[in-house]
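Residue numbers (my numbering): 4 to 254.
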């Protein structure tokens with residue numbers, strides 16, 4: 004019994020550390036992965052036949068650098084959170100299969116996950132807030148070529164969906180690594196591979212991420228949607244001139 008518990012604990016630790024290392028590896032490589040995902044999203048939108056979706060995909064790809072800073076912290080937080088839940092659920096499962104059922108307390112895990120999500124969402128909000136002037140100018144340009152305010156909102160809804168989907172896909176990389184390690188070690192321990200990925204939690208996190216990104220972007224452009232296109236462009240141009248005329252102090 005003691006040996007089984009030690010083996011189960013080592014399986015949990017190995018899978019968890021593999022997921023953590025894979026999470027930070029994904030975070031380092033995210034700048035190369037995001038353009039690929041955005042390009043795939045553009046192809047998917049084109050196949051779906053949504054003109055607004057294609058426009059949103061083009062806009063997302065054109066802003067790949069800022070979108071990378073938006074997606075990366077979300078993908079890291081989701082990857083670590085789902086990896087932790089996967090290891091905890093799988094650990095409980097192999098204990099039950101080994102004849103040692105135990106009720107696990109997920110309170111600490113859920114608290115850590117909540118903190119990770121809050122920090123990552125705050126980071127993404129800061130990135131989006133810094134691009135406020137660009138977003139306002141973009142929506143004015145779109146309206147000047149004939150898009151209605153409703154279609155502009157729909158475009159940002161599509162764009163938020165693409166960013167959230169990218170974050171979910173990237174977060175599954177460390178989850179897959181962790182689940183693979185757990186399945187391999189559990190097969191040697193209890194005779195069958197065990198890897199319980201909380202798919203409802205993944206879908207819930209992705210949906211919450213989508214809605215949060217959309218609401219953050221919508222609050223940035225909402226005031227400008229009620230102004231005329233000319234007034235919005237004039238305001239953006241005036242703000243740009245003020246920034247360019249600010250004196251540059253050198254030490």
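We put the CB at the ideal spot given by N, CA and C, even for glycine.
Nearest neighbour of residue i, chosen from the options [CA to CA]
{"i": "residue 209", "options": "34, 30, 171, 155", "result": "171"}
{"i": "residue 34", "options": "9, 69, 8, 230", "result": "69"}
{"i": "residue 236", "options": "46, 144, 191, 92", "result": "144"}
{"i": "residue 71", "options": "191, 31, 117, 147", "result": "31"}
{"i": "residue 232", "options": "23, 139, 191", "result": "139"}
{"i": "residue 90", "options": "188, 103, 158", "result": "188"}
{"i": "residue 24", "options": "230, 226, 184, 8", "result": "184"}
{"i": "residue 6", "options": "57, 42, 103", "result": "103"}
{"i": "residue 234", "options": "190, 146, 49", "result": "146"}
Residue i vs residue j beta-carbon contact at 9 Å
{"i": "residue 55", "j": "residue 161", "result": "yes"}
{"i": "residue 156", "j": "residue 228", "result": "yes"}
{"i": "residue 119", "j": "residue 83", "result": "yes"}
{"i": "residue 11", "j": "residue 180", "result": "no"}
{"i": "residue 142", "j": "residue 219", "result": "no"}
{"i": "residue 206", "j": "residue 182", "result": "no"}
{"i": "residue 122", "j": "residue 204", "result": "no"}
{"i": "residue 186", "j": "residue 178", "result": "no"}
{"i": "residue 44", "j": "residue 149", "result": "no"}
{"i": "residue 137", "j": "residue 18", "result": "no"}
{"i": "residue 47", "j": "residue 60", "result": "yes"}
{"i": "residue 29", "j": "residue 212", "result": "no"}
{"i": "residue 40", "j": "residue 124", "result": "no"}
{"i": "residue 230", "j": "residue 238", "result": "yes"}
Residue i: first and last residue of the uninterrupted alpha helix (DSSP H) it sits in
{"i": "residue 209", "result": "202 to 228"}
{"i": "residue 181", "result": "152 to 193"}
{"i": "residue 97", "result": "67 to 100"}
For residue j and residue i, believed in contact at Cβ under 8 Å, the rounded distance
{"i": "residue 166", "j": "residue 63", "result": "7 Å"}
{"i": "residue 193", "j": "residue 95", "result": "Contact doesn't hold; Cβ gap of about 12 Å is too wide."}
{"i": "residue 163", "j": "residue 79", "result": "Not quite, the Cβ-Cβ distance comes to about 19 Å (not below 8 Å), so this is no contact."}
{"i": "residue 76", "j": "residue 26", "result": "Actually they do not touch by this definition, with Cβ atoms about 11 Å apart."}
{"i": "residue 67", "j": "residue 37", "result": "6 Å"}
{"i": "residue 97", "j": "residue 14", "result": "7 Å"}
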